[in-house]
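Engineer: There's a structure below that I have some questions on.
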Amino acid sequence: MLRGCGGRLKIYIFTDLEGVSGVTEFENRSDTSAWNTYKRRLYSRLLTEEVNAAVKACFDSGASYVLVNDGHGSGYTIDPELIDPRVELIHGTHRPEWLPLIDQGFDAMLFIGAHSKVGTKRGVLYHTMSVMIKEISINNIPLGEIGLAAFYAGVYDVPLVFLSGDEAACREVEALIPGVVTVAVKRGLSRFSAVSIPPVRARRLIEDGVKKALSRVDKVKPFKIEPPYIYREYVFRAPKIETLVSNPDRLPKSYELVREVHAETAEQLIKRVWHRCV
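Residue numbers (the working numbering): 1 to 278.
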């Protein structure tokens, strides 16, 4: 039974940059050179157009409302002038929570531009929230940003039904969520190199994949972990951490637990881990 207005679909789109076709390096927000400025604008356009492909598929599939979360970095990666005018866009910093405004009124979540968790072989630009983080787990289940986003949405009974990113990201979500539809827009050769599908073709594949996912949205269950909950966050303790973390076979052996959160319910865990005072 669809929960959107009048039985029509209501869709939440979460986005990141590292899993977009053509992107093989982390965004540099401090370099003011002309070349870096060009690259940042290019990456913004590449992400925005992949999102637009997903948005088109949503409305073609009968969506009544699409909310896009600019989830990368400072939250200003999607170009608001180029985004499909039918959506609403969450952007900016100091948000009250990680996935603002998601609730039980949404029928499904899509993830565009996803990357794999830290240490994934041939995972393009793999990391989990930060280069310093070695692992995040809930009830001893290691989760990357994909799993964490799926869990967060699952708290509100919203299933993650579609994901695009590199091949490693697609494998990661397929291991967590039976029936999820994925589109790999590139395959990793290393953390900083890939073979990409040209963006125009990647967008067509995303559009087709989203339509497929939304045609069977009731077949995918929300991602759940049984309560009670223990959230743990470990960080690496090593010099030259970026160099070491870039090779999955040379991850530092030294790390420590820096955060542990206990909760009886998923709602409590969401509030204690991801809600912020702003």
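Glycine included, each C-beta is placed from N, C-alpha and C at the ideal position. Here the structure is a predicted model, which is why all the values come from computation and not from measurement.
So, helix, strand or coil for TYR65, using DSSP?
Structural biologist: As a working mapping, residue 65 is identified with position 65 in the sequence shown. Strand, per DSSP.
Engineer: Alpha carbon to alpha carbon, how far is GLY62 from ARG29?
Structural biologist: Taking the sequence shown and counting its residues from 1, one reaches residue 62 at position 62. Taking the sequence shown and counting its residues from 1, one reaches residue 29 at position 29. Taking the straight line from one Cα to the other gives about 38 Å.
Engineer: What are the uninterrupted segments assigned as beta strand (DSSP E) that are 3 or more residues long and contained completely in the stretch 145-217, given in chain order?
Structural biologist: Counting whole runs of 3 or more residues, the stretch 145-217 contains the beta strand (DSSP E) stretches 160-166, 181-190, 193-196.
Engineer: What does a CB cutoff of less than 7 Å around TYR255 pick up in its chain, not counting 5 residues either side in sequence?
Structural biologist: Start at 1 with the first residue of the sequence shown, and residue 255 comes out as number 255. Contacts found: LYS134, TYR234, VAL235, PHE236, ARG237.
Engineer: Report the rounded CA-to-CA distance for HIS275 versus TRP98, giving the unit in angstroms.
Structural biologist: On the sequence shown, residue 275 is found 275 positions in, with the first residue counted as 1. On the sequence shown, residue 98 is found 98 positions in, with the first residue counted as 1. Using only the alpha carbons, I get a separation of about 7 Å.
Engineer: Evaluate VAL20 with the Cβ neighbour count: other Cβ atoms within 10 Å of its Cβ, from every protein chain shown; 16 or more gives buried, anything less gives exposed.
Structural biologist: Start at 1 with the first residue of the sequence shown, and residue 20 comes out as number 20. Flag for VAL20 reads buried.
Engineer: Whole angstroms are fine: how far does the CA of ALA34 sit from the CA of ILE177?
Structural biologist: Position 177 of the sequence shown holds residue 177. Position 34 of the sequence shown holds residue 34. In a straight line, the C-alpha of ILE177 is about 42 Å away from that of ALA34.
Engineer: In the DSSP assignment, what are the bridge partners of LEU17?
Structural biologist: Walking along the sequence shown from the start, residue 17 turns up at place 17. DSSP output for LEU17 lists no bridge partner at all.
Engineer: Could you check how far apart the C-beta atoms of ASP70 and ILE102 are, in whole angstroms? I think they sit under 8 Å.
Structural biologist: Numbered from its first residue, the sequence shown carries residue 70 at position 70. Numbered from its first residue, the sequence shown carries residue 102 at position 102. No, ASP70 and ILE102 are not in contact; Cβ-Cβ is about 14 Å, not under 8 Å.
Engineer: Out of VAL273, LEU47, HIS72, LYS39, which has the shortest C-alpha to C-alpha gap to ILE83?
Structural biologist: For the purposes of this step, residue 83 is taken as the residue at position 83 of the sequence shown. Comparing Cα-Cα distances from ILE83 to each of VAL273, LEU47, HIS72, LYS39, the minimum goes to LEU47.
Engineer: Restricting to Cα atoms, I'd like to know which of PRO159, ILE230, ARG171 is closest to THR120.
Structural biologist: If you number the sequence shown from 1, residue 120 lands on position 120. THR120 has its Cα closest to that of ARG171, out of PRO159, ILE230, ARG171.
Engineer: For a test of the three-state rule: what should DSSP assign to GLU88, helix, strand or coil?
Structural biologist: Taking the first residue of the sequence shown as 1, we reach residue 88 at position 88. Residue state, collapsed to three classes: strand.
Engineer: Hey, quick one: how far does the alpha helix (DSSP H) through LYS39 stretch, first residue to last?
Structural biologist: Counting from one through the sequence shown, the residue named residue 39 turns up at place 39. First-last of the alpha helix (DSSP H) with LYS39: 34-60.
Engineer: Considering just the uninterrupted stretch of the beta strand (DSSP E) at ALA114, what are its terminal residues?
Structural biologist: Against the sequence shown, residue 114 aligns to sequence position 114. Segment 108-114, the beta strand (DSSP E) holding ALA114.
Engineer: Mind checking if ILE83 is an interface residue toward chain D, Cβ cutoff 7 Å exclusive?
Structural biologist: As a matter of chain content, chain D is missing from the structure shown, which is built from one protein chain.
Engineer: Go ahead and pull the three-state DSSP assignment for ASN259.
Structural biologist: Sequence index remark: in the sequence shown, residue 259 carries index 259 (1-based). Looking at the sequence itself, residue 259 is Arg, so the reference to Asn does not match. The answer is strand: DSSP assigns ARG259 an E or B state.
Engineer: Within 8 Å, do at least three Cβ pairs link the stretch 158-165 to the stretch 173-191?
Structural biologist: Verdict: yes, contact present.
Engineer: Does the separation of the CB atoms of PHE106 and GLY154 fall below 7 Å?
Structural biologist: As a working note, residue 106 is residue 106 in the sequence shown. As a working note, residue 154 is residue 154 in the sequence shown. Cβ distance not < 7 Å, so PHE106 and GLY154 don't count as in contact.
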